[in-house]
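Below: one structure, written as structure tokens.
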Amino acid sequence: MYGYWGKILRVDLSKGLVDVEKVDQSLFEKYLGGAGIAGKIILSEVGPGVDPLSPDNIIVFAVGPFQGVRIPGSGRWTVSSKSPLTDIWADSCAGGNWGPEFKRSGFDALVIKGRAASPVYLWINDGKVEIRDASRIWGKTISEADSEIKKDLREPKAKVACIGPAGERLVRFANVVNEHGIAGRCGLGAVMGSKNLKGVAVRGTKKIKVAKQEKVDEYSKTLFKEYYDATVYTMRKFGTTASVKKYYERGYGLSKNWREWVFEEVDGIDGNHFLEIIVKPVACTYCPIACHKRTKVEEPKKYAYEGYGPEYETISLLGWLNKISDAKAIGYMGYLCDEYGIDTMTTGSLVGFTTECYEKGWITREDLDGIEPRWGDADAAIALIHKIGKREGFGGVLAEGIVKSAEYIGSKASKIILHCKGLDYPAHDPRSFYPAAINYATGTRGACHQRGFATWHASGVLIPEWGISKVIETGSNTLHSMENAPEIAIKYQNWATLFNSLVQCEYMIFGGLKLTHQINLLRYVTGWDIDAVSLEEIAERIFNLQRVIDVYYGVSKKDDSVPFRMFEPLESGKSAGKMPLPFEKTLLEYYKLRGWDSDGKPTTERLVELNLGEALKPVWE
Numbered sequence: 178m179y180g181y182w183g184k185i186l187r188v189d190l191s192k193g194l195v196d197v198e199k200v201d202q203s204l205f206e207k208y209l210g211g212a213g214i215a216g217k218i219i220l221s222e223v224g225p226g227v228d229p230l231s232p233d234n235i236i237v238f239a240v241g242p243f244q245g246v247r248i249p250g251s252g253r254w255t256v257s258s259k260s261p262l263t264d265i266w267a268d269s270c271a272g273g274n275w276g277p278e279f280k281r282s283g284f285d286a287l288v289i290k291g292r293a294a295s296p297v298y299l300w301i302n303d304g305k306v307e308i309r310d311a312s313r314i315w316g317k318t319i320s321e322a323d324s325e326i327k328k329d330l331r332e333p334k335a336k337v338a339c340i341g342p343a344g345e346r347l348v349r350f351a352n353v354v355n356e357h358g359i360a361g362r363c364g365l366g367a368v369m370g371s372k373n374l375k376g377v378a379v380r381g382t383k384k385i386k387v388a389k390q391e392k393v394d395e396y397s398k399t400l401f402k403e404y405y406d407a408t409v410y411t412m413r414k415f416g417t418t419a420s421v422k423k424y425y426e427r428g429y430g431l432s433k434n435w436r437e438w439v440f441e442e443v444d445g446i447d448g449n450h451f452l453e454i455i456v457k458p459v460a461c462t463y464c465p466i467a468c469h470k471r472t473k474v475e476e477p478k479k480y481a482y483e484g485y486g487p488e489y490e491t492i493s494l495l496g497w498l499n500k501i502s503d504a505k506a507i508g509y510m511g512y513l514c515d516e517y518g519i520d521t522m523t524t525g526s527l528v529g530f531t532t533e534c535y536e537k538g539w540i541t542r543e544d545l546d547g548i549e550p551r552w553g554d555a556d557a558a559i560a561l562i563h564k565i566g567k568r569e570g571f572g573g574v575l576a577e578g579i580v581k582s583a584e585y586i587g588s589k590a591s592k593i594i595l596h597c598k599g600l601d602y603p604a605h606d607p608r609s610f611y612p613a614a615i616n617y618a619t620g621t622r623g624a625c626h627q628r629g630f631a632t633w634h635a636s637g638v639l640i641p642e643w644g645i646s647k648v649i650e651t652g653s654n655t656l657h658s659m660e661n662a663p664e665i666a667i668k669y670q671n672w673a674t675l676f677n678s679l680v681q682c683e684y685m686i687f688g689g690l691k692l693t694h695q696i697n698l699l700r701y702v703t704g705w706d707i708d709a710v711s712l713e714e715i716a717e718r719i720f721n722l723q724r725v726i727d728v729y730y731g732v733s734k735k736d737d738s739v740p741f742r743m744f745e746p747l748e749s750g751k752s753a754g755k756m757p758l759p760f761e762k763t764l765l766e767y768y769k770l771r772g773w774d775s776d777g778k779p780t781t782e783r784l785v786e787l788n789l790g791e792a793l794k795p796v797w798e
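Everything in the sequence shown is counted per my numbering, starting at 178 for the first residue and increasing by one.
Below, the structure written as structure tokens:
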């Protein structure tokens with residue numbers, strides 16, 4: 178077997194037991210790795226009645242065939258579970274350095290179940306596994322925990338994926354973090370917290386065998402140079418911070434909780450302003466792009482910090498959505514979220530939601546423990562972040578997520594939240610690009626731009642190997658049309674699924690990555706006879722597997738929805754008067770192309786075609 182160890186590490190924290198499960202190549206040929214094999218495991222072991230924060234839930238760390246091999250963008254890892262935020266399938270893919278190190282320790286995946294009697298962390302060292310006491314580390318922030326675990330091990334080269342205080346307090350959108358790589362969105366840090374698991378430290382020196390080492394080395398060398406040359410003056414310099422102005426000019430209407438396009442101070446959060454706080458670019462393992470940034474603020478003192486980020490989503494949802502235009506304040510807010518271990522996107526959405534509720538008189542200063550949130554008020558937003566991270570006062574309400582927060586305030590609040598299946602919207606406006614509405618509505622973990630790059634299609638990112646050889650146009654306007662939305666959504670969802678199962682960074686696309694590059698690399702690493710058609714079938718299989726898990730947990734057509742606010746047209750900007758319609762008709766067309774029935778359930782015929790016999794019983798029996 179090439180590219181894989183054929184080993185899944187299993188840890189039962191309740192019993193304190195460690196076991197190694199040996200698996201054959203057929204599992205990887207069918208599901209690749211990462212989120213693919215995690216889905217297979219979760220469908221088999223986590224039923225619909227399992228509370229995500231109970232010992233019966235499992236959390237799966239997994240890598241793919243590229244980890245531990247010098248391939249561009251392979252410094253990634255995935256973590257999957259049943260989400261405490263959405264109660265459905267959840268997977269998150271992160272960078273940093275943990276993934277390759279874990280792979281070199283001799284495993285393809287780690288499955289954790291149960292709950293330790295007291296705080297612990299795992300130590301995986303070249304195949305040897307220990308469950309170690311973490312009582313002294315419990316309560317530490319992300320950077321503190323990382324440092325303390327390495328000190329405890331006396332191993333500075335260890336790579337640590339850990340949770341912060343928010344994960345310990347079961348904030349439902351808590352992250353799992355490795356240095357500057359953040360597995361965010363679905364609250365998998367809370368799953369770790371519920372298990373009294375502070376972190377997983379790894380050290381690996383084993384060399385993975387590949388089928389054609391010389392081919393891998395030669396091809397990767399060419400790609401490293403190509404991707405570096407294409408991004409050295411863009412992503413390496415600015416990271417994702419340069420995207421704000423571009424999307425504002427495209428017509429995104431994020432201001433005041435998605436109500437307005439106009440943001441007079443948008444120049445304050447343009448990429449050039451963040452250059453003032455960027456210290457240096459930071460790369461994940463085997464990355465030619467280095468989109469992450471080390472940042473530092475010294476003045477004003479109230480925003481002083483040294484850490485990582487912020488990224489486009491952080492800037493947009495903590496800043497733009499809340500009309501906050503101070504780059505230093507936004508950097509500090511992102512830093513606080515990172516140290517508490519909470520998702521910046523959900524946090525920004527909750528700050529905007531809280532501010533609008535306060536503006537409308539639905540909640541009071543007393544409800545908010547003396548905080549008076551207003552648009553553009555960074556200090557009030559910072560106060561709310563502390564409340565959420567500590568689960569104090571009204572922060573305990575917000576820590577439950579956007580849907581439960583709205584339920585707490587009352588039915589009127591449900592019309593001002595933007596989410597699908599409980600996962601709040603990313604900072605990409607479907608009123609500006611209609612296919613994104615279908616992408617979000619049918620996403621297997623909820624509204625997500627990274628589980629289907631539909632918005633990238635509008636920017637010219639193509640997949641000629643799968644028939645998307647030019648930007649699809651309808652009349653004179655490709656952005657504001659639903660005509661081709663199902664095809665766009667499906668193709669880019671499949672490609673995103675491939676990235677998260679090969680476990681490769683999608684930002685390599687900015688350097689010029691093509692599907693053909695992935696096909697060739699997979700051939701050279703594994704020795705498999707694979708092409709674009711067979712790889713698309715694998716991606717389809719994995720996406721449908723995740724949909725089956727969602728259906729098993731109760732998802733149906735009623736949940737594939739677009740929030741009310743998306744049908745409130747903006748009054749200005751390039752998306753003025755635009756709404757992603759017709760939605761219902763387009764959704765049914767999407768179902769038909771996917772091979773699903775009219776309620777969004779994969780048909781028996783489609784599951785059999787995809788060799789998903791194991792998925793028939795949960796859905797159809």
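Beta carbons: idealized from backbone N, C-alpha and C, even for Gly.
Original post:
On the premise that Pro249 lies in contact with Met685, defined as a C-beta separation below 8 Å, what is that separation, rounded to the nearest angstrom?
Top reply: 6 Å
Original post:
Between the segment 484 to 495 and the segment 374 to 391, do three or more beta carbon pairs fall short of 8 Å?
Top reply: no
**OP:** Under 8 Å by Cβ, that's how I've got Gly216 and Ile726 pegged, so tell me the actual separation to the nearest angstrom.
**Re:** 6 Å
Original post:
If you drop the 5 nearest sequence neighbours on each side, which residues of the same chain put their C-beta closer than 6 Å to that of Asp196?
Top reply: In its chain, beyond the 5 residues on either side, Arg187 have a beta carbon closer than 6 Å to the beta carbon of Asp196.
Subject >> Backbone CA spacing between Glu516 and Ile326 [nearest angstrom] >> reply: 15 Å
**OP:** Could you spell out where the beta strand (DSSP E) holding Asn449 opens and where it closes?
**Re:** Per DSSP, Asn449 belongs to no beta strand (DSSP E); it is in the alpha helix (DSSP H), 448 to 451.
Original post:
Where do the ends of the beta strand (DSSP E) carrying Arg628 lie?
Top reply: Here Arg628 belongs to no beta strand (DSSP E), and DSSP marks it neither H nor E.
Subject >> Cα-Cα separation between Arg349 and Ile640, rounded to whole angstroms >> reply: For Arg349 and Ile640, the distance between alpha carbons rounds to 36 Å.
**OP:** Helix, strand or coil for Ala666, going by three-state DSSP, please let me know.
**Re:** helix
Subject >> Neighbour-count burial assignment, Arg608, 16 or more Cβ in a 10 Å radius >> reply: buried
Subject >> Continuous alpha helix (DSSP H) stretch holding Asn616: start and end >> reply: 612 to 619
**OP:** Under 8 Å by Cβ, that's how I've got Lys280 and Gly245 pegged, so tell me the actual separation to the nearest angstrom.
**Re:** 4 Å
Original post:
What residue from Glu441, Tyr512, Val459, Pro458 has the CA that sits closest to Val474's CA?
Top reply: Tyr512
Subject >> Residue interval of the beta strand (DSSP E) (run including Pro277) >> reply: Note, Pro277: premise wrong, no beta strand (DSSP E); alpha helix (DSSP H) at 275 to 281.
**OP:** Look up Gly484 in the DSSP assignment and say whether it is helix, strand or coil.
**Re:** strand
Original post:
Along the chain, which unbroken stretches of the beta strand (DSSP E) at least 3 residues long are found entirely within the segment 234 to 312?
Top reply: 235 to 239, 254 to 259, 266 to 271, 286 to 290, 297 to 302, 305 to 310
**OP:** Report the rounded CA-to-CA distance for Ala388 versus Gly704, giving the unit in angstroms.
**Re:** 5 Å
**OP:** Can you tell me the Cβ-Cβ gap for Ser502 and Glu442, rounded? I've got them flagged as a contact below 8 Å.
**Re:** 3 Å
Subject >> 7 Å Cβ shell around Ile236 - same chain, five flanking residues per side excluded >> reply: Val256, Ser258, Ile289, Leu365, Val368, Met369
Original post:
Just how far apart, CA to CA, sit Glu683 and Gly637?
Top reply: 15 Å
**OP:** Report yes or no: do three or more beta-carbon pairs, one from the segment 213 to 231 and one from the segment 314 to 332, lie closer than 8 Å?
**Re:** no
Subject >> For Gln681 and Phe238, believed in contact at Cβ under 8 Å, the rounded distance >> reply: In this structure Phe238 is not in contact with Gln681, their Cβ atoms being roughly 16 Å apart against a cut-off of 8 Å.
Original post:
Is it true that the segment 713 to 722 meets the segment 567 to 583, where meeting means three or more beta-carbon pairs spaced less than 8 Å apart?
Top reply: no
Original post:
To which residues of the same chain is Thr523 closer than 6 Å at the C-beta, ignoring the five residues directly before and after it?
Top reply: Phe350, Asp601
Original post:
Cβ of Gly508 less than 8 Å from any chain D Cβ?
Top reply: Here there is only one protein chain, and chain D is not present.
Original post:
Can you list the beta strand (DSSP E) stretches of 3 or more residues lying completely in the segment 449 to 521, in chain order?
Top reply: 455 to 459, 469 to 474, 482 to 485
**OP:** Can you give me the Cβ contacts of Phe760 inside the same chain, cut-off strictly under 7 Å, excluding the 5 residues immediately before and after it?
**Re:** Contacts found: Ala614, Val739.
**OP:** Look at the alpha carbon of Ser420 and the alpha carbon of Val200, and state the distance between them as a whole number of angstroms.
**Re:** Roughly 43 Å separates the two Cα atoms.
Original post:
What's the C-alpha gap between Glu536 and Leu347?
Top reply: 29 Å
**OP:** Alpha carbon to alpha carbon, how far is Pro225 from Asp606? Give it in angstroms, no decimals.
**Re:** Per the coordinates, the alpha-carbon of Asp606 lies some 32 Å from the alpha-carbon of Pro225.
Subject >> For Ile185 and Leu220, the rounded distance between their alpha carbons >> reply: 16 Å
Subject >> Proximity of Val702 and Val393 at Cβ, strictly below 8 Å >> reply: yes
**OP:** Assign Asp196 to one of three DSSP states: helix, strand, or coil.
**Re:** strand
Subject >> Separation of Asp228 from Ile319, as counted between CA atoms >> reply: 26 Å
Original post:
Who does Asn355 pair with in a DSSP beta bridge?
Top reply: According to DSSP, which records beta bridges pairwise, Asn355 is partnered with Gly358.
Original post:
Who are Ile645's beta bridge partners in DSSP?
Top reply: Ile640
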